[in-house]
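Undergrad: Can you read through this structure? Questions will come right after.
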Amino acid sequence: MDRITTLMNRFHRNVRAASPANADLVILGTQAAPEEVFFYSKQRGTHKPTGRELWYAQVDWTGNRNPFQQALPEEVRFDLTANSETQALVQVIMQEHSQPRCAGDWVLNRLGDVLLVRILRDQIDNGSTKPGLIAGLADDRLSRAIVAMHDHPGQGWSNQDLAEEAGLSLSRFNELFAAQVGETPMGYLRRWRLTLARQDLEKGDRVDAVSRRYAYGSPEAFTRAYRKAYGETPISARKSLAVV
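Residues in the sequence shown are numbered from -6 upward in steps of one, following the numbering used here.
This is the structure in structure tokens:
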């Protein structure tokens, strides 16, 4: 089961070289043998220099609503010495960085994005000590329900439907979801739908179309939910956010 692709497709990123003061992704080690990657998900320029830095980069997320950015720990360390494939990827990044060629920035952006996927996979594989999306996706049962919501946000999900996706009783599902993700299944689904709806409004989609897309009974019901979450109506948001 793919736990990441929908999120990666919906929330785009750009990775580019940066000064230490503006960096949140740092590679350390030697050119021949990169050793570790640090990613600071919440604040840039917080890395403390060690003299072993090879590359400073900045990850530009889609606004501040990317679920992975919100779910990741403030500081993530990835040990390259324990993962030869990712170490080889980083060596290619370093080669592109040290020997600029045509489309170098484009290549670094793509390779940096692949590195982020590797970091996310590692976080999910190892779980999380605090409630949130990473912890939910790390659980083989809950992840099935979460991925179902991600992939089909417009379906009329109920708690029972999601419990069946997870292969759990309703009571156990609700209990485990709250403990691991930190909110109720319906609360998570509402927030996910509204996040996607806001993206669609930014693209200029009509309010009635967005309300139908995400299983709201009417544009009025969508407007009430949207205003409660964001403090403005969808129509106002569409006018101010839509790309002309």
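Ideal Cβ placement from N, Cα and C applies to all residues, glycine included.
Using DSSP with H/G/I as helix, E/B as strand and the rest coil, what is I(-3)?
TA: Mapped onto the sequence shown, residue -3 falls at position 4. Coil at I(-3), not helix or strand.
Undergrad: Return the CA-CA distance between I112 and E157, expressed in angstroms with no decimal places.
TA: Within the sequence shown, the letter at position 119 stands for residue 112. Within the sequence shown, the letter at position 164 stands for residue 157. The alpha-carbon atoms of I112 and E157 are separated by roughly 30 Å.
Undergrad: Please classify R191: is it buried, with 16 or more other beta-carbons within 10 angstroms of its beta-carbon, or exposed?
TA: Within the sequence shown, the letter at position 198 stands for residue 191. The residue is buried, with at least 16 neighbouring Cβ atoms inside 10 Å.
Undergrad: Using the DSSP secondary-structure output, state which residues sit across from A96 in a beta bridge.
TA: In the sequence shown, the residue the question calls residue 96 occupies position 103. Its beta-bridge partners do not exist; DSSP assigns none.
Undergrad: When you compare only the Cα positions, how much space is there between T177 and N167?
TA: Indexing the sequence shown from 1 puts residue 177 at position 184. Indexing the sequence shown from 1 puts residue 167 at position 174. Their backbone Cα atoms lie some 7 Å apart in a straight line.
Undergrad: Suppose contacts are defined by Cβ-Cβ distances below 8 Å. Is N102 in contact with R3 by that definition?
TA: Mapped onto the sequence shown, residue 102 falls at position 109. Mapped onto the sequence shown, residue 3 falls at position 10. No, they are not a contact pair.
Undergrad: Looking at L187: is its Cβ nearer than 8 Å to the Cβ of A222?
TA: For the purposes of this step, residue 187 is taken as the residue at position 194 of the sequence shown. For the purposes of this step, residue 222 is taken as the residue at position 229 of the sequence shown. Yes. Within cutoff.
Undergrad: Assuming I139 and L108 make a contact with CB atoms under 8 Å, what is their CB distance in whole Å?
TA: Within the sequence shown, residue 139 is the residue found at index 146, counting from 1. Within the sequence shown, residue 108 is the residue found at index 115, counting from 1. Not confirmed; about 24 Å, so no contact.
Undergrad: What separation, rounded to the nearest whole angstrom, lies between the Cα atoms of P146 and D(-5)?
TA: On the sequence shown, residue 146 is found 153 positions in, with the first residue counted as 1. On the sequence shown, residue -5 is found 2 positions in, with the first residue counted as 1. If I take the Cα positions, the gap works out to 16 Å.
Undergrad: Using the Cβ count rule (16 or more neighbours within 10 Å means buried), how would you classify E78?
TA: Counting from one through the sequence shown, the residue named residue 78 turns up at place 85. So E78 counts as exposed.
Undergrad: Which whole-angstrom value describes the C-beta separation of A131 and I117, a residue pair presumed to lie in contact below a C-beta threshold of 8 Å?
TA: Numbered from its first residue, the sequence shown carries residue 131 at position 138. Numbered from its first residue, the sequence shown carries residue 117 at position 124. With 8 Å as the limit, A131 and I117 qualify as a contact, their Cβ atoms being about 5 Å apart.
Undergrad: Measure from the alpha carbon of E68 to the alpha carbon of each residue in S121, S136, D198 and R58, then state which is nearest.
TA: Along the sequence shown, one-based indexing puts residue 68 at 75. Looking at the Cα atoms, S121 is the closest of the given residues.
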